[in-house]
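*Asks:* Here you go, one structure.
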DNA sequence: ATAATTTAGTTAACATATTAATTAGTTTGC
DNA sequence: GCAAACTAATTAATATGTTAACTAAATTAT
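Residue numbers (the numbering used here), protein chains in the order written: chain C, 1444 to 1584; chain Y, 1444 to 1584.
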């Protein structure tokens, strides 16, 4: 194996796979006027309830500076609220608002269809194997 | 399987895996004053010789507008050259220059070490399986 | 041949990624 | 109890991602 050869380079393979998967999903998100990062943030918040910014950033896989801007943006759209933590003056607590939840619930079924098509074409077993291998990569950290 | 559950979502898993792999590599690249995209562009060009912008963009997995900017940047650093294609006035032909090649050759060994460590910890067989599965994802396109 | 279409590349506008520096609040050490 | 160290979040600066619009060159169709 030649790890530096472009055609067997892991980072590039991960990027290409992500592009393939995200491309049709992005079209759906575009129709609903959200970027995929904004969608990720809202989704995580929808699943987990109230979270502070650090937890949210880690779960949604966005960096803190990006999250600051995304929050600002989503706050103006009334998708989420920001409030200070009473116990720790540094922390910012975030919660999804009804219009944010409504967005999630209207987008999710459309995305489900795409995921299902992907699963059918790719194979459920392979998909599961792939997810396991990807999680193992993250465990190396 | 719940494709919309964040903890089994393929795009997020791909993103997280990429972060894990790229993070130490980025530190190396940072020391050599290149971003990973610039490095990818130079690497592909180094492997393939003269290419036009479209081929390069596809191989390096960067979008055309990004490539335009990256080329401008790398041209100013004398890492590559741009010249018009005689046969097709629209095309731009690109070739790596000695200082670009020198950069690749000085960075590659350091990155090799990181890849090797990753391979050792993760396991060569699993790595190969993962790359195969990722290539299969791209084939779905 | 020439108008219509297609293609390659660039530019524009906005959003995010990345690192570093900064600010404000909290904890630790002595 | 207070200075030092740490932590959470924001701001700043530069580079890239993403879509759309645009320009120029080449192809196609009639």
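Even glycine gets a Cβ: it sits at the ideal position worked out from N, Cα and C.
#1: Does the CB of residue 1578 of chain C have a neighbour CB from chain Y at under 8 Å?
#2: Against chain Y, does residue 1449 of chain C count as a neighbour if the rule is that its beta carbon must be under 8 Å from one of theirs?
#3: What separation, rounded to the nearest whole angstrom, lies between the Cα atoms of residue 1492 of chain C and residue 1455 of chain Y?
#4: Tell me, please, whether the stretch 1526 to 1541 of chain C touches the stretch 1484 to 1498 of chain C by the rule of three or more beta-carbon pairs shorter than 8 Å.
#5: Give the residues of chain Y in contact with residue 1584 of chain C, contact being defined as C-beta atoms less than 7 Å apart.
#6: Any chance you could list the beta strand (DSSP E) runs of at least 3 consecutive residues sitting entirely within the stretch 1468 to 1541 of chain Y, in chain order?
#7: Taking 8 Å as the CB-CB limit, is residue 1504 of chain C close to chain Y?
#8: Of all the CB atoms in chain C, is at least one closer than 8 Å to the CB of residue 1459 of chain Y?
#9: Just the C-alpha distance for residue 1519 of chain C and residue 1529 of chain Y, rounded to the nearest angstrom, thanks.
#10: Buried or exposed, going by whether 16 or more other CB atoms sit within 10 Å of the CB of residue 1585 of chain Y?
#11: Closer than 7 Å by beta-carbon distance: list the chain Y residues that pair up with residue 1572 of chain C, in chain order.
#12: How about residue 1520 of chain Y: is its C-beta nearer than 8 Å to some C-beta of chain C?
#13: Within 8 Å (strictly less), CB to CB, does residue 1490 of chain Y reach chain C?
#14: Between the alpha carbons of residue 1559 of chain Y and residue 1572 of chain Y, how many angstroms are there, rounded?
#15: Could you tell me the alpha carbon to alpha carbon distance between residue 1484 of chain Y and residue 1503 of chain Y, rounded to whole angstroms?
#16: Ignore the nearest five residues each way along the sequence and tell me which others in residue 1562 of chain C's own chain have a CB closer than 6 Å to its CB.
#17: In this structure, does DSSP put residue 1451 of chain C in helix, strand or coil?
#18: Strictly below 7 Å CB to CB, what residues from chain Y border residue 1487 of chain C?
#19: So for residue 1546 of chain C, helix, strand or coil by DSSP?
#20: DSSP three-state call for residue 1583 of chain C: helix, strand or coil?
#21: Suppose the cutoff is 7 Å on Cβ atoms and the five residues either side in sequence are ignored; what does the same chain contact list for residue 1511 of chain Y look like?
#22: I want to see whether chain Y comes within less than 8 Å of residue 1581 of chain C, judged by CB atoms only; does it?
#23: Starting from the beta carbon of residue 1456 of chain C, find every residue of chain Y whose beta carbon is closer than 7 Å, and list them in chain order.
#24: Please classify residue 1560 of chain C: does DSSP put it in a helix, a strand, or coil?
*Replies:* Based on what the coordinates show:
#1: Closer than 8 Å: yes.
#2: Taking Cβ atoms only, chain Y reaches closer than 8 Å to residue 1449 of chain C, which makes this a yes.
#3: Our two residues, residue 1492 of chain C and residue 1455 of chain Y, have alpha carbons roughly 19 Å apart in a direct line.
#4: Short answer: they touch.
#5: Chain order gives the chain Y residues near residue 1584 of chain C as 1463, where near means a beta carbon separation below 7 Å.
#6: 1523 to 1527 and 1535 to 1539, all fully within the stretch 1468 to 1541 of chain Y.
#7: Judged by the 8 Å Cβ criterion, residue 1504 of chain C is in contact with chain Y.
#8: By this cut-off, residue 1459 of chain Y is an interface position.
#9: Rounded to the nearest angstrom, the two C-alpha atoms are 52 Å apart.
#10: Missing from the structure shown is residue 1585 of chain Y; chain Y here goes from 1444 to 1584 and no further.
#11: For residue 1572 of chain C, the chain Y residues whose Cβ falls inside 7 Å of its Cβ are 1576, in order along the chain.
#12: Chain C contact via Cβ: absent.
#13: At least one chain C Cβ lies under 8 Å of residue 1490 of chain Y.
#14: When rounded, the distance between both Cα atoms is 16 Å.
#15: A direct Cα-Cα distance of roughly 5 Å separates residue 1484 of chain Y from residue 1503 of chain Y.
#16: The beta carbon of residue 1562 of chain C is closer than 6 Å to those of 1570 in its chain, skipping five residues each way along the sequence.
#17: Helix at residue 1451 of chain C.
#18: What residue 1487 of chain C touches in chain Y: 1449.
#19: In the three-state reduction of the DSSP assignment, residue 1546 of chain C falls in the helix class.
#20: Coil at residue 1583 of chain C, not helix or strand.
#21: Hits under 7 Å: none found.
#22: Yes, residue 1581 of chain C counts as interfacial toward chain Y.
#23: Chain Y residues near residue 1456 of chain C: 1574, 1577 and 1578.
#24: Helix.
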